[in-house]
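Q: In the numbering used here, the protein residues as written are -1 to 339.
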Amino acid sequence: MNQKIEEILAAISDLRANTEKEIEELRIKYLGKKGEVTALFEEFRNVLPEQKREFGQKLNVLKNAVQSKIESLKENIAETGAVKSSCDLTKPGDRMELGSRHPISITREEIISIFHKFGYTVAEGPEIEDDWHVFGALNFPPEHPARDMQDTFFIHANDGNPVLLRTHTSSVQVRVMEKMDLPIRVLCPGRVFRNEAISARAHCIFHQVEGLYIDKGVSFADLKQAVLLFAREMFGEETEIRLRPSYFPFTEPSAEVDVSCNICKGKGCNICKGTGWLEIMGCGMVDPNVLEASGIDSKIYSGFAFGMGIERIAMLKWQVKDLRHYFENDVRFLRQFETVI
Ligand code: DAH
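#1: Please state whether the Cβ-Cβ distance between residue 194 and residue 201 is less than 8 Å.
#2: Please determine whether the Cβ atom of residue 219 lies at a distance below 7 Å from any heavy atom of ligand 1.
#3: Counting along the chain, where does the alpha helix (DSSP H) carrying residue 28 start and finish?
#4: Is it true that the CB of residue 245 sits closer than 8 Å to the CB of residue 301?
#5: By the DSSP assignment, the alpha helix (DSSP H) with residue 252 in it spans what residues?
#6: Pull up the CB-CB distance for residue 269 and residue 317, whole angstroms please, since I reckon it's below 8 Å.
#7: By how many angstroms is the C-alpha of residue 44 removed from the C-alpha of residue 3?
#8: Taking the Cβ atom as the reference point for each residue, do residue 169 and residue 127 lie within a distance shorter than 8 Å?
#9: Hey, residue 294 and residue 136 are a contact pair by Cβ (cut 8 Å); roughly how many whole angstroms apart?
#10: Measure the C-alpha to C-alpha separation of residue 324 and residue 103 and round it to an integer number of angstroms.
#11: Helix, strand or coil for residue 344 per DSSP?
#12: Using CA atoms only, rank isn't needed, just tell me which of 57, 154 and 241 is closest to residue 5.
#13: Residue 302 by DSSP, collapsed to three states: which one?
#14: Could you give the distance in angstroms between the alpha-carbon of residue 208 and the alpha-carbon of residue 152?
#15: Which residues in the same chain have their Cβ closer than 6 Å to the Cβ of residue 335, if we skip the five residues on either side of it in sequence?
#16: Can you confirm whether residue 20, when its beta carbon is compared against all beta carbons of chain B, has any partner nearer than 8 Å?
#17: So what does residue 121 bridge to, in DSSP terms?
#18: Is the stretch 280 to 288 in contact with the stretch 243 to 261, if contact means three or more CB pairs nearer than 8 Å?
#19: If you compare alpha carbons, which of 198, 31 and 231 is closest to residue 326?
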């Protein structure tokens, strides 16, 4: 009898019912004339007199538990017959912590979407590279200082060939030229690594976007036009560009691109250090040696390439003065970009 009482007590705590009918069925199952609890009361007659007190109490507890369970099931049924939720649906909800996109991702996507309009697709390459793709195929002479331990993180050597972390995403343009059919119009975003001391202006990990356009008859004027359109989309319609002659082993001629400072409108301020101009990228016509190294006939094809640092573009866009903010992931910094789509 004791065992039966325990069983019923355990069973009723899990009882569920969706309709009045189901509740009535449960009531009959336990408390009806032939119900399980009623049957126990019948049995109670045969209990030894000295045990009557103990079992009597237990049976009453059981009966009360079944009755109150049935009452609470009834309360849970709304007039419509639907189950009332145990939570109050009229209460205001808990605030959901929304994440926000990282400013570097926002900037990368914006750069990609601008060039997407000009027909550029996206290509990616490995972060762990070999010497050929980072330097050799890009016309870096063997003694070039960029290959130096001071700049490059070398991992190990594979049969005498250094394996290293790429120092720029120009390595991806080599991989694209090796594989893709011509003409090529591609953007290569990605993480790059340099052995630099971390400061407000430098970090050992940062992000670049490389651009490459190769076709028949591509000229420096095309490069200038692409850069101008990009600068105006990114920094505003009024933006002007200025190209300064420069040197990169993989482009000839090469240039560095400045945009007019849209904070002071070219008058000079502390962001542009009084010059009215801000440097945004390097670019140039792909050196014929680079085309040939990847198996492209430089007598038929020409092209331009450009490369920019995403952190730099994002710093100019939001006037972030310290590069380290991008890597520390302090939510007070990141939350400021919640509303930027
Ligand atoms: N790879 C260069 C760097 O990391 C950036 C660059 C300059 C890329 C000129 C280019 C280019 O494609 O034409 O500093």
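Virtual Cβ for every residue (Gly too), placed ideally from N, Cα, C.
A: By the coordinates alone:
#1: Here the question's residue 194 lines up with position 196 in the sequence shown. Here the question's residue 201 lines up with position 203 in the sequence shown. Yes. Within cutoff.
#2: Position 221 of the sequence shown, counted from the first residue, corresponds to residue 219. Residue 219 Cβ: outside cutoff for every heavy atom of ligand 1.
#3: Looking up residue 28 in the sequence shown gives position 30. Element bounds for residue 28: 18 to 29.
#4: Indexing the sequence shown from 1 puts residue 301 at position 303. Indexing the sequence shown from 1 puts residue 245 at position 247. No.
#5: Indexing the sequence shown from 1 puts residue 252 at position 254. Per DSSP, residue 252 belongs to no alpha helix (DSSP H); it is in the beta strand (DSSP E), 249 to 258.
#6: As a first step, residue 269 is located in the sequence shown; it is residue number 271 there, counting from the start. As a first step, residue 317 is located in the sequence shown; it is residue number 319 there, counting from the start. The pair is a contact, with the Cβ atoms about 6 Å apart (cut-off 8 Å).
#7: The sequence position of residue 3 within the sequence shown is 5, counting from 1. The sequence position of residue 44 within the sequence shown is 46, counting from 1. If you take the alpha carbons of residue 3 and residue 44, they lie about 16 Å apart.
#8: Position 171 of the sequence shown, counted from the first residue, corresponds to residue 169. Position 129 of the sequence shown, counted from the first residue, corresponds to residue 127. Yes. Within cutoff.
#9: Taking the sequence shown and counting its residues from 1, the one referred to as residue 294 is at position 296. Taking the sequence shown and counting its residues from 1, the one referred to as residue 136 is at position 138. The Cβ separation is near 14 Å, so there is no contact.
#10: Residue mapping note: residue 324 aligns to position 326 of the sequence shown, counting from 1. Residue mapping note: residue 103 aligns to position 105 of the sequence shown, counting from 1. C-alpha separation (whole angstroms): 11 Å.
#11: One cannot answer for residue 344 here, as it falls past the ends of the chain, which runs -1 to 339.
#12: Counting from 1 along the sequence shown, the entry for residue 5 is found at position 7. For the residues 57, 154 and 241, the minimum Cα distance to residue 5 belongs to 57.
#13: Start at 1 with the first residue of the sequence shown, and residue 302 comes out as number 304. Strand, per DSSP.
#14: Within the sequence shown, numbered from 1, the residue matching residue 208 stands at position 210. Within the sequence shown, numbered from 1, the residue matching residue 152 stands at position 154. Straight-line Cα distance between these residues: approximately 22 Å.
#15: To locate residue 335, count along the sequence shown from 1; it is residue 337. So the list reads 98 and 101, once near-sequence residues are dropped.
#16: The structure shown contains no chain B; it is built from a single protein chain.
#17: On the sequence shown, residue 121 is found 123 positions in, with the first residue counted as 1. Note: residue 121 sits in no beta bridge, so no partner.
#18: yes
#19: On the sequence shown, residue 326 is found 328 positions in, with the first residue counted as 1. Looking at the Cα atoms, 198 is the closest of the given residues.
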